[in-house]
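Colleague: These protein sequences, in sequence, are chains A and B. My numbering applies: residue 1 is where the first sequence begins, and numbers increase by one. My numbering applies: residue 391 is where the second sequence begins, and numbers increase by one.
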Amino acid sequence: MAWSLSSRASQLGPPAAWSLVRGVLPFLACVAVAILAQVILKPFLITTLGWDFAAKMIVDVGINIVLAVSLTLVNGFTGQFSIGHAAFMAVGGYTAAAIVYYGSYRIAGNPDLAGGVLSSMLVGREAPWFTPHDLLFLVAMLAGGVVAALCGYLVGLPSLRLKGDYLAIVTLGFGEIVRVLIQSQTGDVLYDPEEIAQTPAWKLAGSLGGSLGFSGLPFYTSFFWVYLLVLVTLLLAWRIKNSSYGRALISIREDEIASEAMGVDTTRFKIRAFVLSAFLAGCAGALFAHTVGVQLNAAELGFVKSFDIIIMVVLGGLGSISGAVIAAIILTILPEALRGVAEYRMVAYAVALIVMMLVRPKGLLGVHEVWERAAWDWLLGASKRKGAGR
Amino acid sequence: MLEVESLAVSYGAIKALHGIGLRVGRGEIVTLIGSNGAGKSTTLRAISGLVRPAAGSKIVYDGTSIASRPPHEIVRMGLVQSPEGRGVFPNMTVEENLELGAYVRSDRDGIDADREKALSLFPRLKERFRQSAGTLSGGEQQMLAMARALMARPRLLLLDEPSLGLAPQIVQVIFRIIREINAGGTTILLVEQNAHMALKVAHRAYVLEVGRIVMEGPAAELAASDQVKNAYMGRHA
Ligand SMILES: Nc1ncnc2c1ncn2[C@@H]1O[C@H](COP(=O)(O)OP(=O)(O)O)[C@@H](O)[C@H]1O
Ligand SMILES: [Mg+2]
């Protein structure tokens, strides 16, 4: 990823050392906040209040925020239309699962949870601050992201060279291929330590559970890992939006020909955005795979899941980071709250989309952020016009 | 400064240009006139690298062949287009549009200075500086498109129908500014359907008809010729 992490403004003016600090410090702050969420918020919610369910929702919300915001880079900023985001989740999830599961066997002889304080949602569990398994999980998550990014590159390269909606078709196909391959072409998950120790790695990589799903994964996903990824994703998205890279991406959405005429290498930028988006989705998939109560199964990471994420991006406003966050929160909690009628979710989404296209075709916040005055002008202005009989 | 020879372009089976030639000298305003569908935009697109010319086409800019270069490299060489239909970025402010115009540059001071220059050329844009480009009037959008192209500090500026769909007074303003830009040292290749105005500001002109150059010469001479008067200036004659 060749993204420059510092915005244009910070490259100028102050000396290089200072801008390095400004570039790195926010990431350290992300780590600190994620640690606080884990060591203070988690026990408070679960032990003090007894809100286990809320804690579970907060994890789900976080993963969906990462998915929605990463898709915003492509569908929102760049104006391309990917409809296979869940496939990158699946690729990242299965990659990470294989590394964590079989890696644990090779290290410890069993797949049991053996991370430190930061790597579980269990309470009252005595654990050191840090164990080698935390590192294993981190490596697995990053590997999931990298493999997903690689797939993103291979999928994006042919389709993003062209103008038009080729990406939609190709990502749709890619999603189905990933799902079918994992479901029908992978063998049973192995669980005999002897056998695992003797099976070569490439063969382990093909033992992902097939249509039964990948069972027996340890639950490493915690407030720490989820909110670390959420914050890093938000920070990246925010910096991109406010950098010259981001403006170039947005100009592609606004008018691709004009953007090219201004000297933006549109193909390269579209691919970069797509690859970064796939990387983040892969990391999110890794977290999803190791969440309490989740059994990783490619069947659940098909088109319907991709569509869920698209709805979040579209409802939030194509190009609005805060809009995607708000939509991700609402659309994660709402189906839970309306459990009884959750089967009608797709119908409700369709209706919501149609209504939105009529009333507010650019989504809740348009391209603006929730704290920008223009967002409120947009929200209120649109309803004023409606009131005037338009 | 720019030499085009046997430039041919096809869109699939449709041949839009049948091997045209034209030349733009340093400091000139050259206009390419012709009716709708003649291939004017295609010519500019090919020069900018936005469409691929057929094999054998020659486009030489400042002594360098650019016939198969990608657009972002061509812009970096100082050959910049303000595309047809303006193509401003509607959800970006005037300021952000101008910033994007300078996308290929990194000399912050030069960019700031050029922005001030562009804003003094188009005072209307100064008043609308923080407004979304999509909310501007047609004339203002045209001004923004031109100012944005200037932000790339072009040595050769390609303008595709800057007067399209604008009220007559605005057209006057736009053409006055085209002269000013040229007086400031920028060479201009101007594509127009409004032959009357284009021939007034240009030094030399080419007439394009269904993919072929049919006439060329000093603008004043073409403006006086009966053929051009009848075919392209009927409305004004
Ligand atoms: N993108 C395109 N695809 C197919 N045909 C095109 C395209 N753009 C232009 N053409 C055709 O090429 C010819 C020249 O078009 P154009 O260069 O836009 O003319 P002008 O700018 O002089 O009006 C026309 O016949 C037009 O229909
Ligand atoms: Mg045209």
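Ideal placement from N, C-alpha and C gives every residue a C-beta, glycine not left out. Bear in mind the structure is a predicted one, so any value in this text is a computation, not a measurement.
Taking PHE88/A and GLY282/A to be in contact with their CB atoms under 8 Å, please state how far apart those CB atoms are, rounded to whole angstroms.
Modeller: Mapped onto the first sequence, residue 88/A falls at position 88. Mapped onto the first sequence, residue 282/A falls at position 282. Their Cβ separation, rounded to whole angstroms, is 5 Å, which keeps PHE88/A and GLY282/A in contact under 8 Å.
Colleague: Compare the C-beta of VAL494/B against all C-beta atoms of chain A and say whether one is closer than 8 Å.
Modeller: Your numbering for residue 494/B matches position 104 in the second sequence. It does; some Cβ of chain A falls within 8 Å.
Colleague: Any chance the CB of LYS507/B is under 7 Å from a heavy atom of ligand 2?
Modeller: Counted from its first residue, the second sequence places residue 507/B at position 117. No, since every heavy atom of ligand 2 falls outside the 7 Å radius drawn around the Cβ of LYS507/B.
Colleague: Which ranges does the alpha helix (DSSP H) cover as unbroken runs of at least 4 residues, wholly within the stretch 452–511 of chain B, from first to last along the chain?
Modeller: 461–466, 484–491, 498–511
Colleague: Applying a beta-carbon distance threshold of less than 7 Å, which residues of chain A neighbour ALA542/B?
Modeller: Along the second sequence, read from residue 1 onward, the residue named residue 542/B stands at position 152. Those are MET262, GLY263, listed as they occur along chain A.
Colleague: Would you mind working out which of ASP165/A, VAL24/A, TYR105/A, VAL155/A sits nearest GLN80/A, comparing C-alpha positions?
Modeller: Start at 1 with the first residue of the first sequence, and residue 80/A comes out as number 80. Of ASP165/A, VAL24/A, TYR105/A, VAL155/A, the residue nearest in Cα terms is ASP165/A.
Colleague: Near ligand 1, which residues have their beta-carbon less than 6 Å from any of its heavy atoms, given in chain order?
Modeller: TYR401/B, ILE404/B, ALA406/B, GLY424/B, ASN426/B, GLY427/B, ALA428/B, GLY429/B, LYS430/B, SER431/B, THR432/B
Colleague: Shorter than 8 Å from the beta carbon of GLU195/A to some beta carbon of chain B?
Modeller: For this step, residue 195/A is matched to residue 195 along the first sequence. No, no contact with chain B.
Colleague: Taking contact to mean at least 3 C-beta pairs separated by less than 8 Å, is the stretch 309–322 of chain A in contact with the stretch 187–206 of chain A?
Modeller: no
Colleague: Quick one: list the residues of chain B neighbouring SER119/A, beta-carbon separation under 9 Å, in chain order.
Modeller: Taking the first sequence and counting its residues from 1, the one referred to as residue 119/A is at position 119. Simply none; closest approach about 42 Å.
Colleague: Looking at the secondary structure, which residues open and close the beta strand (DSSP E) in which ILE404/B lies?
Modeller: Sequence index remark: in the second sequence, residue 404/B carries index 14 (1-based). Looking at the DSSP string, the run of the beta strand (DSSP E) that includes ILE404/B is 404–414.
Colleague: Step through the CB atoms of chain A and report whether any lies within less than 8 Å of the CB of GLN531/B.
Modeller: What you label residue 531/B is simply residue 141 of the second sequence in a count that begins at 1. It does not: the Cβ of GLN531/B has no partner Cβ on chain A nearer than 8 Å.
Colleague: Since ILE257/A meets chain B, which of its residues come closer than 7 Å, beta carbon to beta carbon?
Modeller: Start at 1 with the first residue of the first sequence, and residue 257/A comes out as number 257. LEU440, PRO473, GLY477, listed in chain order.
Colleague: Judging by CA-CA distance, which residue of THR78/A, ARG373/A, SER184/A is the nearest neighbour of GLU256/A?
Modeller: The sequence position of residue 256/A within the first sequence is 256, counting from 1. It is THR78/A.
Colleague: If I'm right that LEU394/A touches LYS270/A with Cβ under 8 Å, what's the distance once you round it to whole angstroms?
Modeller: Examination of residue 394/A is not possible in this model, given that chain A is present from 1 through 390 alone.
Colleague: What is the C-beta distance between VAL117/A and TRP129/A, in whole angstroms, given that I count them as a contact (C-beta under 8 Å)?
Modeller: In the first sequence, counting from the first residue as 1, residue 117/A sits at position 117. In the first sequence, counting from the first residue as 1, residue 129/A sits at position 129. That belief holds up - the Cβ atoms of VAL117/A and TRP129/A are roughly 5 Å apart, short of 8 Å.
Colleague: Among ALA457/B, GLY601/B, GLY477/B, ARG602/B, which residue has its Cα nearest to the Cα of ILE252/A?
Modeller: Position 252 of the first sequence, counted from the first residue, corresponds to residue 252/A. Minimum Cα distance to ILE252/A is reached at GLY477/B.
Colleague: What's the call for TYR622/B, buried or exposed, on a 16-neighbour Cβ count within 10 Å?
Modeller: Taking the second sequence and counting its residues from 1, one reaches residue 622/B at position 232. Buried is the call here.
Colleague: Under a CB-based cut-off of 8 Å, is PRO558/B close to chain A?
Modeller: As a working mapping, residue 558/B is identified with position 168 in the second sequence. No, PRO558/B lies away from the interface with chain A (no Cβ there is under 8 Å from its Cβ).
Colleague: So what's LYS56/A in DSSP terms, helix, strand or just coil?
Modeller: By one-based count along the first sequence, residue 56/A stands at place 56. Helix at LYS56/A.
Colleague: DSSP three-state call for ARG602/B: helix, strand or coil?
Modeller: One-based indexing of the second sequence puts residue 602/B at position 212. Strand.
Colleague: What is the rounded straight-line gap between the Cα of GLY529/B and the Cα of ARG566/B?
Modeller: Here the question's residue 529/B lines up with position 139 in the second sequence. Here the question's residue 566/B lines up with position 176 in the second sequence. Rounded to whole angstroms, GLY529/B to ARG566/B spans 14 Å at the Cα level.
Colleague: Please classify ILE603/B as buried or exposed, where buried requires at least 16 neighbouring CB atoms within 10 angstroms.
Modeller: By 1-based counting over the second sequence, the position of residue 603/B is 213. By the 10 Å Cβ count, ILE603/B comes out buried.
Colleague: Got a sec? Which residues, its chain only, sit under 8 Å from ILE120/A by beta carbon, not counting five neighbours each side?
Modeller: For this step, residue 120/A is matched to residue 120 along the first sequence. Before going on, a small fix: residue 120/A reads as Ser here, not Ile. So the list reads LEU113, ALA127, PHE219, TYR220, SER222, once near-sequence residues are dropped.
Colleague: Could you confirm whether any beta carbon from chain A is found closer than 8 Å to the beta carbon of GLU486/B?
Modeller: The sequence position of residue 486/B within the second sequence is 96, counting from 1. Closer than 8 Å to some Cβ of chain A, the Cβ of GLU486/B qualifies, so yes.
Colleague: Who are VAL399/B's beta bridge partners in DSSP?
Modeller: As a working mapping, residue 399/B is identified with position 9 in the second sequence. Answer by DSSP bridge pairing, in chain order: LEU407/B.
Colleague: Whose CA, out of LYS590/B, ALA613/B, GLU474/B, ILE437/B, lies closest to the CA of LEU412/B?
Modeller: The residue you call residue 412/B lines up with position 22 of the second sequence. Of the candidates LYS590/B, ALA613/B, GLU474/B, ILE437/B, the one whose C-alpha sits nearest the C-alpha of LEU412/B is ILE437/B.
Colleague: Give the straight-line distance between the Cα atoms of ALA237/A and SER70/A, rounded to the nearest whole angstrom.
Modeller: Taking the first residue of the first sequence as position 1, residue 237/A is located at position 237. Taking the first residue of the first sequence as position 1, residue 70/A is located at position 70. Spanning the two alpha carbons is a distance of roughly 8 Å.
Colleague: Chain B beta carbons: is any one of them nearer than 8 Å to that of ARG247/A?
Modeller: For this step, residue 247/A is matched to residue 247 along the first sequence. Interface annotation, ARG247/A: in contact with chain B, CB-CB separation under 8 Å.
Colleague: Roughly how many angstroms lie between the CA atoms of TYR153/A and ALA98/A, to the nearest whole one?
Modeller: By 1-based counting over the first sequence, the position of residue 153/A is 153. By 1-based counting over the first sequence, the position of residue 98/A is 98. If you take the alpha carbons of TYR153/A and ALA98/A, they lie about 22 Å apart.
Colleague: Counting only Cβ pairs nearer than 9 Å, list the residues of chain B close to VAL251/A.
Modeller: The residue labelled residue 251/A in the question sits at position 251 within the first sequence. It is worth fixing the name first, because residue 251/A is Ser in this sequence and not Val. The contacting residues are PHE479, MET482, GLU486, ASN487, LEU490, TYR493.
Colleague: Contact criterion: CB-CB distance below 8 Å. Does ARG545/B meet it with respect to chain A?
Modeller: Taking the second sequence and counting its residues from 1, the one referred to as residue 545/B is at position 155. Not an interface residue.
Colleague: Is GLU599/B near ligand 2, going by C-beta to nearest heavy atom under 7 Å?
Modeller: Counting from one through the second sequence, the residue named residue 599/B turns up at place 209. Judged by the Cβ position, GLU599/B fails to qualify as a neighbour of ligand 2 at the 7 Å threshold, every heavy atom of the ligand being at least this far.
Colleague: Find the nearest neighbour of GLY427/B within the set THR577/B, ARG520/B, GLN583/B, ASN487/B, judged by alpha-carbon distance.
Modeller: Indexing the second sequence from 1 puts residue 427/B at position 37. With distances taken between Cα atoms, GLY427/B lies closest to GLN583/B.
Colleague: According to DSSP, simplified to helix, strand and coil, what is LEU370/A?
Modeller: Taking the first residue of the first sequence as position 1, residue 370/A is located at position 370. At residue 370/A the sequence reads Val, which differs from the Leu that was named. Note: VAL370/A maps to coil in three-state DSSP.
Colleague: Consider the Cβ of VAL581/B: report whether some Cβ of chain A lies at a distance smaller than 8 Å.
Modeller: Translated into positions along the second sequence, residue 581/B becomes position 191. Output row for VAL581/B: interface = no.
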